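Heads up: the sequence shown begins at 1 in the UniProt record's numbering, then just goes up one per residue.
From the three backbone atoms N, C-alpha and C, an ideal C-beta is built for every residue, glycine too.
Given the structure is predicted, the values throughout are model-derived calculations rather than measurements.
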Amino acid sequence: MSALSAFSETRRASCMPRDQPLAGFKRDKDYRKIFLGHRDCRSEDGLPWIAPVVKVTQLSISNDPTLHHEYLPTLGLPEFTRVATELALGKECVAVLENRVCLDNPYTISKWQLWVHKAGGIQTPGGTGALWLGAKFLRKWYKTTVLKPTAVYVSLPAWDTHRCIFQDAGFTTICSYSYWDSRLLGVDMKQLLSDLKDAPQRSIVVLHASPHNPTGMDLTPEEWKQLAGVMQKGELFPFFHLSGQGFASGDLDRDALPLRLFITQGFELFCAQSFSKVFGLYDNSVGNLIVIAKNSNTLIIIRSQVDLIAKAAWLNPPTLGARIVTTILNNPALFALWKQSLLTMAERFMFNRQKLKEKLRILGTPGTWDHITNQKGMYSFSGLNALQVKFLRIHRHIHLGANGQINMSSLNSKNLDHVAHSIHAAVISAT
1 MSALSAFSET RRASCMPRDQ PLAGFKRDKD YRKIFLGHRD CRSEDGLPWI
51 APVVKVTQLS ISNDPTLHHE YLPTLGLPEF TRVATELALG KECVAVLENR
101 VCLDNPYTIS KWQLWVHKAG GIQTPGGTGA LWLGAKFLRK WYKTTVLKPT
151 AVYVSLPAWD THRCIFQDAG FTTICSYSYW DSRLLGVDMK QLLSDLKDAP
201 QRSIVVLHAS PHNPTGMDLT PEEWKQLAGV MQKGELFPFF HLSGQGFASG
251 DLDRDALPLR LFITQGFELF CAQSFSKVFG LYDNSVGNLI VIAKNSNTLI
301 IIRSQVDLIA KAAWLNPPTL GARIVTTILN NPALFALWKQ SLLTMAERFM
351 FNRQKLKEKL RILGTPGTWD HITNQKGMYS FSGLNALQVK FLRIHRHIHL
401 GANGQINMSS LNSKNLDHVA HSIHAAVISA T
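What follows is the structure in structure tokens.
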């Protein structure tokens, strides 16, 4: 037997950018250290936030004698995919009325079912699972009119997992479209539209519905309309990522408007929907891949192929997260409590933004900080550069990504004042 391992030529993978701040935080032995790069939503006490109604619902499910831990179908809990899709698209969505959204059971469809509000998607392990499943399907079955490999466009900056998922799916041409302008501290809409006008016909474009991750800076309704017009002309395929519905404005319908706009414009599209953050289901991640096609026959075919991909990947999705979400969305009283908790968190994000901006103003910190309150949701591009972030890490033991992104839920009454003074010192040190 060979003395060498069968894996002796395997190279160690490099750490993803989003993982580096946490690794540095764990190595830091200073008792004053602060971490501002959490991936989950944090409470005022600094702990992972869980919607209060989730705990009550989970206990009720655990005590339900009719549940026996049975396997779910490969495409998921039908009632979950129905209510989840309805939450994203709205009850009156034209795609539901025209039956362009995936139906619950692609194999037993009557004419009556084609016209009722029986809409759903495909249950996945979190939003990342929905992105991966959609990417794998598109790589195999999405056809363009050109001979070159299909191009995938992600925003610059983007959630770094977007590139990894499409690369893993087999896409070789992954491009960036402009989004954040570090000089203007906002969206570079002119260059964004220019980049997508130049994209090869029928390219795939990954879009964040509200709020944008990682910048927190959303397009205006008029800008979304401009973007839709450009994508229609180029026959570009939208792949939405809806990971924080309700966290941007506190209003579920308002945060879903970009997705609904594209549907009313007649696009075929995919949407990866996640419930991990907005419910606090971090260890029971549940997602939903929403598919909008030209007609119901196409949907049936798509679901049959997606079913095969999911069978090879996880066969049966986990049930607990799906049952929690389904129970809450189907119960008016629980749903009202959940909506109120979303509004409370959205208001807390904005409160932290306003407090941080005001403290920097009082300190006389050089630069403009209006962008902090112009942004929405849990994440904020602070405008800090890599040198300033390094200063915070070395001299103040405050850890965040090199791009300056801050999780606004990581700020609280105990650390906000110290963070503001530290940012002031970092900016002064670089001037």
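Unbroken beta strand (DSSP E) run spanning Gly321, endpoints:
Unbroken run through Gly321 is the alpha helix (DSSP H), 320 to 330; no beta strand (DSSP E).
Local conformation of Phe381 per DSSP, three classes:
Taken through DSSP and simplified to helix, strand or coil, Phe381 comes out as strand.
Below 7 Å CB to CB, which residues in the same chain sit around Glu347 once its five sequence neighbours on both sides are set aside?
Gly250
Might you give, ordered along the chain, the residues of its own chain that have their beta carbon closer than 7 Å to the beta carbon of Val83, omitting 5 neighbours on each side?
Same-chain partners within the cutoff: Thr326, Leu329, Asn330.
Exposed or buried, Asn295, counting other C-beta atoms within 10 Å across all chains shown (16 or more means buried)?
exposed
When you compare the stretch 275 to 295 with the stretch 17 to 25, are there three or more beta-carbon pairs, one atom per stretch, that lie closer than 8 Å?
no
Top-ranked residue by Cα proximity to Val154, from Glu79, Phe239, Lys190:
Phe239
Start-end ranges of the alpha helix (DSSP H) lying completely within the stretch 232 to 275, minimum 4 residues
252 to 255, 257 to 264
Here's the rule I'm using: 16 or more other beta-carbon atoms within 10 Å means buried, otherwise exposed. How should Met378 be labelled?
buried
Between Ile428 and the rest of its own chain, which residues show a CB-CB distance below 8 Å, the 5 nearest in sequence each way excluded?
Thr365, Pro366
Between Lys242 and Asp218, what straight-line distance do the alpha-carbon atoms span, to the nearest angstrom?
Per the sequence shown, the amino acid found at residue 242 is Leu instead of Lys. Each residue's alpha carbon lies about 13 Å from the other.
Taking Cβ to Cβ, would you say Ser274 is nearer than 9 Å to Gly126?
yes
Once the 5 residues before and after Phe349 are set aside, which same chain residues still bring their CB inside 8 Å of it?
Phe247, Lys376, Gly377, Met378, Met408, Ser409
With burial defined as no fewer than 16 other Cβ atoms inside 10 Å of the residue's Cβ, what is the status of His399: buried or exposed?
Note on His399: 16 or more other CB atoms within 10 angstroms of its CB, so buried under the neighbour-count rule.
Could you tell me which of Glu223, Leu334, Ile309, Arg139 sits nearest to Ser60, measuring between CA atoms?
Nearest C-alpha to Ser60 among Glu223, Leu334, Ile309, Arg139: Leu334.
Beta-carbon within less than 6 Å of Leu384's beta-carbon, same chain only, minus the 5 sequence neighbours each way: which residues are those?
The beta carbon of Leu384 sits closer than 6 Å to the beta carbons of Gly404 from its chain, once the five residues preceding and following it are set aside; these are given in chain order.
According to DSSP, is Ala209 helix, strand or coil?
coil
Helix, strand or coil: which one does DSSP assign to Tyr282?
helix
Can you list, in chain order, the stretches of the beta strand (DSSP E) that have 3 or more residues and sit fully within the stretch 176 to 221?
204 to 208
Give the secondary structure of Gly404 by DSSP, where H, G and I count as helix, E and B as strand, and everything else as coil.
In the three-state scheme derived from DSSP, where H, G and I count as helix and E and B as strand, Gly404 is classed as coil.
On the premise that Ala130 lies in contact with Ala272, defined as a C-beta separation below 8 Å, what is that separation, rounded to the nearest angstrom?
4 Å
Check whether the stretch 45 to 53 and the stretch 63 to 74 touch, using three or more Cβ-Cβ pairs below 8 Å as the test.
no
Count the other C-beta atoms from every protein chain shown that fall within 10 angstroms of the C-beta of Arg11, then say buried if there are 16 or more, exposed otherwise.
Burial state of Arg11 is exposed, judged by a 10 Å Cβ sphere holding fewer than 16 other Cβ atoms.
In chain order, what residues of the same chain lie with their CB nearer than 8 Å to the CB of Phe391, ignoring the 5 residues before and after it?
Ala425, Ala426, Ser429, Ala430
So what's Gln58 in DSSP terms, helix, strand or just coil?
Looking at Gln58 - three-state DSSP - the assignment turns out to be helix.
Starting from the Cα of Gln58, find the closest Cα among Glu235, Gly280, Leu236, Ile301 and give me that residue.
Per the Cα distances, Gly280.
Cβ of Thr302 within 9 Å of Cβ of Leu89?
Sequence inspection shows Ile at residue 302; the Thr mentioned does not correspond to that position. 9 Å or more divides the Cβ of Ile302 from the Cβ of Leu89.
Given that a residue counts as buried once 16 or more other Cβ atoms are within 10 Å of its Cβ, and exposed if not, what is Lys197?
By the neighbour-count rule (16 or more Cβ atoms within 10 Å), Lys197 is not buried but exposed.
Taking just the CA atoms, how far does Gln265 sit from Thr173?
27 Å
For Pro48, the three-state DSSP class (helix, strand or coil):
strand
Thinking Ser178 and Leu156 are a contact (beta carbons under 8 Å), I'd like their distance in whole angstroms, please.
Indeed, because the Cβ distance is near 6 Å, the residues count as touching under 8 Å.
By DSSP, does Thr124 sit in helix, in strand, or in coil?
In the structure shown, Thr124 sits in a strand (DSSP, three-state: E or B).
Limits of the unbroken alpha helix (DSSP H) element including Asn374:
370 to 374
Please classify Thr368 as buried or exposed, where buried requires at least 16 other C-beta atoms within 10 Å of its C-beta.
exposed
Run through the DSSP bridge pairs and tell me what Ser155 is partnered with.
Tyr177
Given that a residue counts as buried once 16 or more other Cβ atoms are within 10 Å of its Cβ, and exposed if not, what is Gln123?
buried
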